[in-house]
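Going by the numbering used here, the sequence shown opens with residue 1, and the numbers climb by one from there. In this text, a Cβ means the ideal position worked out from N, Cα and C, and glycines have one as well.
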Amino acid sequence: MQSVLYQTKENIATVTISRPKALNALNAEILSELSDNFKKIQQDKNIYVVIITGAGEKSFVAGADISEMKDLNLKQAHEFGNYGNTVFRSIENSRAPVIAAINGYTLGGGLELALACDIRIASEDATFGLPEVSLGIIPGYGGTQRLPRIIGISRAKKMIYTAERINAKRALEIGLIDMLTQKSDLMETAMNLASQIASQAPISVAYAKDAINKGIQTDIDTACAIETDFFAKCFETQDQKNVMDAFLKKEKFVKFKNK
Ligand code: DAK
1 MQSVLYQTKE
11 NIATVTISRP
21 KALNALNAEI
31 LSELSDNFKK
41 IQQDKNIYVV
51 IITGAGEKSF
61 VAGADISEMK
71 DLNLKQAHEF
81 GNYGNTVFRS
91 IENSRAPVIA
101 AINGYTLGGG
111 LELALACDIR
121 IASEDATFGL
131 PEVSLGIIPG
141 YGGTQRLPRI
151 IGISRAKKMI
161 YTAERINAKR
171 ALEIGLIDML
181 TQKSDLMETA
191 MNLASQIASQ
201 APISVAYAKD
211 AINKGIQTDI
221 DTACAIETDF
231 FAKCFETQDQ
241 KNVMDAFLKK
251 EKFVKFKNK
């Protein structure tokens with residue numbers, strides 16, 4: 001039985017973490033399957049957008065699997081963290097933007113997974129938290145690094161130091177999520193957003209993602225130079241020529257070719 005399900009519809013892939021009995025807690029098997037899926041996505045030029053979600057009614061992901069972590073020694077904890085961080089970086093660096101469609105418990109490694117995605121949509125029942133300090137550890141899959149970059153340093157410190165849980169409304173207020181939906185509308189909202197992104201020039205979207213991700217980590221002069229490089233590379237694509245040509249000829253533009 002696979003723990004990560006993979007489906008495609010047109011140019012959109014949906015990756016579903018499916019271990020509902022343990023509230024989709026991330027074990028080694030799930031990390032490995034996530035890694036395989038994102039390798040496959042990176043090689044498949046027909047995938048323009050990815051949605052990650054959790055199976056079942058109760059959770060997106062209720063954290064890293066505590067039973068697998070409990071007896072780690074220093075060396076094993078290093079390996080465990082390195083592997084998870086490598087998998088999450090492959091999600092963050094995926095050419096195709098990744099949307100997290102979040103319901104229910106989104107704790108620890110589950111929130112860290114959502115933070116590695118480009119955009120977060122949550123349903124009203126979602127609960128967020130990094131409870132690691134209440135378990136005698138700290139976030140180990142990028143939580144101490146991505147959360148402050150997304151919601152600001154002191155808000156992230158408050159969430160991490162207190163292990164507090166926040167609801168979806170509060171998550172929207174502080175910019176932890178980007179959209180809030182009713183539970184029944186979650187996947188449709190995610191799919192609509194994915195379709196809207198998938199209808200743009202795929203190479204432009206991928207370059208924009210890379211420019212943002214690389215630029216945000218550096219000083220503004222280097223960042224603008226990074227943007228200029230990606231901007232210039234757009235003029236080597238057929239899609240840019242075709243769509244601008246169609247615009248100037250007042251023709252209806254049909255579809256981007258991803259070339
Ligand atoms: N790990 C393993 N099993 C889990 C789990 C988890 N994180 N969360 C839930 N489960 C399992 C429960 O053990 C239970 O299994 P059975 O007893 O039925 O066999 C089943 O899922 C249903 O859970 P509950 O019976 O507890 O369900 P409730 O509705 O009563 O409560 C809950 C739901 C989400 C409030 C509760 O399950 C809960 O508090 N779960 C733990 C949440 C949590 O603390 N998650 C954060 C884990 S820490 C690192 C790398 C990564 C990380 C850290 C370090 N290194 C580099 C070393 C990441 C750390 C974390 O994510």
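Distance cut-off 6 Å: residue i Cβ against heavy atoms of the ligand DAK
i	result
residue 132	yes
residue 65	yes
residue 111	no
residue 128	no
CB of residue i within 7 Å of CB of residue j, strictly
i	j	result
residue 127	residue 170	no
residue 13	residue 47	yes
residue 163	residue 131	yes
residue 72	residue 80	yes
residue 17	residue 30	yes
residue 59	residue 105	yes
residue 116	residue 88	yes
residue 183	residue 123	yes
residue 112	residue 141	yes
residue 259	residue 238	yes
residue 172	residue 180	yes
residue 206	residue 230	no
Option in the options with minimal Cα separation from residue i
i	options	result
residue 138	108, 248, 154 and 174	108
residue 62	96, 25, 146 and 144	25
residue 1	9, 33 and 8	33
residue 209	4, 84 and 98	98
residue 161	177, 36, 143 and 173	143
residue 37	224, 149, 96 and 152	96
residue 49	228, 246, 233 and 198	198
- Message: Check whether the stretch 143-163 and the stretch 185-195 are in contact - that is, three or more C-beta pairs closer than 8 Å.
- Response: no
- Message: Under 8 Å: do the stretch 37-47 and the stretch 63-70 share three or more Cβ pairs, one atom per stretch?
- Response: no
- Message: In chain order, what are the residue ranges of uninterrupted beta strand (DSSP E) at least 3 long that sit wholly in the stretch 195-233?
- Response: none
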